[in-house]
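Heads up, the thing below is written out as structure tokens.
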Amino acid sequence: MRPKNTFFSLRGQTIYWCAAILLIVTAFPFFWMVSTSFKPLREIFVSPPYFLPKDATLANFARLFEQTRFLIYFRNSVFVSTMAVVFTMAIATAGAYSLTRYRFYGREKIASLILFTYMFAPIMIIIPFYVLIKKIGIANTHLALIMAYTAFCLPFSLWLLRAFFQSIPLVLEEAALVDGATRFRAVVHVILPLALPGIIATAIFTFILAWNDYIFVRILITSDNLKTLSVGIADLHNATVIDWGMIMSGGMLITIPVLVFFIFIQRYLIAGWGTGAVKG
Amino acid sequence: MKVSSQKTGIILIAPSVFLICALLVYPVLYGVWLSFFKKHSFFPEQRFVGLANYLYLLRDSEFWMSLWYGTYYSVSTIVLQIVIGVIAALILNEAFRGRNFVRGVVLFPYMIPTVVAIILWKWLLNDQFGLINYLLLAVGIIEDPLSWMGKDHIMTSLIIISVWEFTKFDTVWLLTQGGGAEKYIRTLPVFAYMRTFMYYQAGLGSTLAVIMFGILIASTTVYFKMFRREEGI
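Residue numbers (our numbering), protein chains in the order written: chain A, 1 to 280; chain B, 1 to 233.
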């Protein structure tokens, strides 16, 4: 058993101090973003700075909604990310089920192909991808983005889901088949409910990846109306006079959905922390 | 299992294999192909030039600078990430009250959009009104405000941000936007991006991507050779 780390032992003290520093370094920038986004203009540039707004205001948010296309970008982000999740999960769930439940020629080769493409970085395929998208004639459409995200999320989704399916005993399915269920019913009523936590976690990862993406939008989208949040906010930031209050309020609104989803899947990440991630 | 069920298995995996091949493997191979051409990013015409793009880069000082900045950036970021990561993991492995809360919060920076991380740190590191400069001045570590986005410190800023958010590739590119010191942190991906989308040299851009891919494959191979036994991949 581990020795108890009470607040009064030297060991306990050291751990608490280190944990506090870790917490401040990671969380303080977020706090500063939230604090800035509620400050009126004159408080943003005051020296010495106020840690909390004295006259908290929603003026920054009002400017963001009225003077920029933030809401259009928001809608685009929601649409593109959701579609990417729907396609990726439909394709990857079927694929991962096949990889764990069927034996066929080339199965192991396909698994290594997936692991290999898992390592591709966006910058390596972005140039040929762009040239090809241009050739097909779907540059500057949401379809191009959805294709890019689906392609990019497939390898890791397949890999994660494969591990989740592997953890579900075959016996359960066989029992359902013996009881007279069709294979399809066995999957829908026995396997999918058991795999659901894994499917949700993978879906959220896909969503966050699509939501956070910058580079594909920057390259594939040219119309302002089709831009998503990350490029939209980056362009606001590149304006000649930077409205820090407005930018911070936008940054906060982009981050909230990610953090909400993240809190949902946290326990999977933390469970993996000690044991060396999901077992393959 | 029966032959018919084999067929079902293949049908179920087919869409995944098709998409991975069409949208990931094919573009990479097409990129290798393009790297032997002189090709404009917009217009369709292309001309076979053999190894000319590669030879051009070997003689291009901008390429060697990018390679140097990229290596410097990657090595410093990775070393810091490993050191800090191991210390953090050791602390978070200990039993203390509120551990789960800290574990969750520590992962926040990793999840947020890179764009948000960049604007957030640009605000914190702002030379006139940034909190960091204010604190450093107040404590007396510096006497004049540091220009964090200027040419002397932009690499340091980049490394701080990357370590904080446990890095994604876009970080470099996004930090370069709207600043004069861009060329002091121009790494290979940024260089490739600029060649393709600002100078419209898709062939040359592809050549750079192939070189990066080669570097990645080489380092991954070393990694697998070193760790294959232990992890049983």
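Backbone N, C-alpha and C fix where the C-beta goes; we use that ideal spot for every residue, glycine too.
Given the structure is predicted, the values throughout are model-derived calculations rather than measurements.
Can you tell me the Cα-Cα spacing of residue i and residue j, whole angstroms?
i	j	result
PRO297(A)	ILE119(B)	There is simply no residue 297(A) to check, as chain A begins at 1 and stops at 280 in what is shown.
GLN128(B)	VAL231(A)	26 Å
LYS227(A)	VAL86(B)	39 Å
GLN46(B)	ARG195(B)	16 Å
GLY12(A)	ALA20(A)	12 Å
ASN76(A)	PRO15(B)	26 Å
THR114(B)	ILE215(A)	10 Å
TYR239(B)	CYS153(A)	The question about residue 239(B) has no answer, for chain B in this structure spans 1 to 233.
VAL171(A)	HIS189(A)	14 Å
THR187(B)	GLN6(B)	47 Å
LYS39(B)	LEU216(B)	25 Å
VAL17(B)	ALA163(A)	18 Å
SER219(B)	ALA94(A)	33 Å
PHE166(B)	VAL25(A)	13 Å
SER47(A)	PHE101(B)	33 Å
ASN212(A)	ALA111(A)	27 Å
ALA88(B)	LEU23(A)	10 Å
LYS225(B)	LEU115(A)	16 Å
SER157(B)	ALA96(A)	41 Å
TRP164(B)	LYS135(A)	39 Å
ALA52(B)	LEU58(B)	10 Å
PRO49(A)	ARG99(B)	31 Å
VAL78(A)	ILE263(A)	19 Å
PRO44(B)	VAL241(A)	39 Å
ILE146(A)	ALA210(A)	9 Å
LEU10(A)	LEU80(B)	27 Å
GLY283(A)	ILE82(B)	Nothing about residue 283(A) can be reported from this structure: the residues present for chain A run from 1 to 280 only.
TRP33(B)	GLY50(B)	10 Å
MET149(B)	LYS122(B)	8 Å
Would you say residue i and residue j are within 7 Å of each other, going by their C-beta atoms?
i	j	result
LEU23(B)	ALA151(A)	yes
LEU124(B)	LEU135(B)	no
GLY205(B)	ALA192(B)	yes
VAL80(A)	HIS142(A)	yes
ALA195(A)	ALA186(A)	no
ALA92(A)	LEU192(A)	no
MET248(A)	LEU64(A)	no
ALA27(A)	VAL105(B)	yes
VAL210(B)	SER35(B)	yes
TYR110(B)	ILE154(B)	no
ASN126(B)	PRO145(B)	no
TYR118(A)	PRO155(A)	yes
SER66(B)	TYR200(B)	no
THR222(A)	PHE165(A)	no
PRO53(A)	GLU43(A)	yes
THR206(A)	THR14(A)	no
SER98(A)	ILE13(B)	yes
TYR54(B)	THR207(B)	yes
PHE38(A)	ALA59(A)	no
THR234(B)	ILE160(B)	Limits of chain B in this structure are 1 at one end and 233 at the other, which puts residue 234(B) out of reach.
PHE104(A)	ILE20(B)	no
PHE63(B)	PHE48(B)	no
LEU92(B)	ARG103(B)	yes
LEU220(A)	ALA144(A)	yes
Provide the residue span of the beta strand (DSSP E) that contains residue i, from first to last.
i	result
ARG47(B)	46-48
PHE129(B)	Per DSSP, PHE129(B) belongs to no beta strand (DSSP E) and is neither H nor E.
PHE37(B)	37-39
Where do the N-terminal and C-terminal ends of the alpha helix (DSSP H) with residue i fall, by residue?
i	result
LYS109(A)	107-118
ALA95(B)	From DSSP, ALA95(B) is part of no alpha helix (DSSP H); its letter is neither H nor E.
GLY140(B)	Note, GLY140(B): premise wrong, no alpha helix (DSSP H); not H, not E.
PRO113(B)	Element bounds for PRO113(B): n/a, residue is neither H nor E.
TRP33(B)	26-34
LEU57(B)	52-59
TYR200(B)	It is not in any alpha helix (DSSP H) - TYR200(B) carries neither H nor E in the DSSP assignment.
MET149(B)	Counting along the chain, MET149(B) falls outside any alpha helix (DSSP H), and DSSP gives it neither H nor E.
LEU58(A)	Note, LEU58(A): premise wrong, no alpha helix (DSSP H); not H, not E.
TYR187(A)	Sequence inspection shows Val at residue 187(A); the Tyr mentioned does not correspond to that position. No alpha helix (DSSP H) holds VAL187(A); DSSP gives it neither H nor E.
LEU170(A)	170-178
Is the Cβ of residue i closer than 7 Å to any Cβ of chain D?
i	result
ILE123(A)	In the displayed structure, chain D is absent; the protein chains listed are A and B.
| task | Starting from the N-terminal side, write out each stretch of the alpha helix (DSSP H) that is 4 residues or longer and does not extend beyond the stretch 21-56 of chain A. | result | 41-44
| query | Touching or not, the stretch 247-257 of chain A and the stretch 172-181 of chain A, by the rule of three or more beta carbon pairs under 8 Å? | reply | no
| In chain order, which alpha helix (DSSP H) runs of at least 4 residues are fully inside the stretch 120-168 of chain A? | 122-136 and 142-166
| message | Please give the ranges of any alpha helix (DSSP H) in the stretch 189-265 of chain A, keeping only runs that are unbroken, at least 4 residues long and fully inside the region. | response | 192-212, 215-220 and 229-237
| Segments of 3+ residues assigned as beta strand (DSSP E) that fall wholly inside the stretch 62-110 of chain A | none
| said: For the structure I just gave you, are there three or more beta carbon pairs, one from the stretch 66-73 of chain A and one from the stretch 258-268 of chain A, closer than 8 Å? | reply: no
| query | Do the stretch 118-125 of chain A and the stretch 25-43 of chain B make contact, defined as three or more Cβ pairs closer than 8 Å? | reply | yes
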